[in-house]
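K.L.:
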Amino acid sequence: VAALRLAAIFLDFVLFPMQDYLTSVWNLEVTHAAGILNITGFLSGVLPIPFLFFTLKCLGNFTTLVISSFAYVVGIGFIFLSTPPILAGATHTCKTYQESCIGPVQKDLFLIGMGGIAIGVAAQSVSIDAVLHEQ
């Protein structure tokens, strides 16, 4: 469980330059990039309420922690796949970090990845302390 806390710290380290990436590579306005990150933060703050309900009524703490870990991994993986060099051959786009190299597939993968991270953060915030207490 301590490794999950370290993974959350790593995720914060990875997501810290995200606004710069969105403004420089995707060529988004600062307000648009901040909006994407703020929506992710909002979802991370609101989703613990339904996750707490499902944890207490249906899933249990350990299952919720497994779901949150899976959502983290999927979210980070999709964000990794959304970078231009990774899927350039499959999507027939260029490999450089430029706006013209970001296609609709990369944008969709990025947004799905951010949603997965929001779900992971929310579910983990509900269950990690309870799992630590149970051990």
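At the far end of the sequence shown sits residue 148, using the working numbering, and the numbering has no gaps. Where a beta carbon is used, it is the ideal one built from N, C-alpha and C, also for glycine. None of the values given here were measured: they were computed from a predicted structure.
#1: According to the neighbour-count rule (16 or more other Cβ atoms, all chains shown, within 10 Å of its Cβ), is F26 buried or exposed?
#2: Reducing DSSP to helix, strand and coil, say where T76 ends up.
#3: Closer than 8 Å by C-beta to K108: which residues in its own chain qualify, once you throw out the five before and the five after it? Chain order, please.
#4: Would you report the Cα separation of A46 and T77, rounded to the nearest angstrom?
#5: In whole angstroms, what separates the C-alpha of I125 from that of I80?
#6: DSSP on V144, reduced to helix/strand/coil?
#7: Assuming A136 and A84 form a contact by the criterion Cβ under 8 Å, report the distance between their Cβ atoms to the nearest whole angstrom.
#8: So, under 8 Å CB-CB, L145 and S82 are touching, yes? Tell me the CB distance rounded to an integer number of Å.
P.N.:
Looking at the atomic coordinates:
#1: Here residue 26 is taken as the residue at index 13 of the sequence shown, counted from 1. Looking at its Cβ environment, which holds fewer than 16 other Cβ atoms inside 10 Å, F26 is exposed.
#2: Taking the first residue of the sequence shown as 1, we reach residue 76 at position 63. Helix at T76.
#3: Counted from its first residue, the sequence shown places residue 108 at position 95. The beta carbon of K108 sits closer than 8 Å to those of P97, P98, A101 and C114, all from its chain and outside the five residues before and after it, given in chain order.
#4: Taking the sequence shown and counting its residues from 1, one reaches residue 46 at position 33. Taking the sequence shown and counting its residues from 1, one reaches residue 77 at position 64. Distance between the alpha carbons of A46 and T77: 30 Å.
#5: Within the sequence shown, numbered from 1, the residue matching residue 125 stands at position 112. Within the sequence shown, numbered from 1, the residue matching residue 80 stands at position 67. Taken atom to atom, the span from the alpha-carbon of I125 to that of I80 is near 16 Å.
#6: Numbered from its first residue, the sequence shown carries residue 144 at position 131. Residue state, collapsed to three classes: helix.
#7: The sequence position of residue 136 within the sequence shown is 123, counting from 1. The sequence position of residue 84 within the sequence shown is 71, counting from 1. With 8 Å as the limit, A136 and A84 qualify as a contact, their Cβ atoms being about 7 Å apart.
#8: Locating residue 145 in the sequence shown gives position 132, counting from the first residue. Locating residue 82 in the sequence shown gives position 69, counting from the first residue. At roughly 14 Å, the Cβ-Cβ gap does not stay under 8 Å, so L145 and S82 are not in contact.
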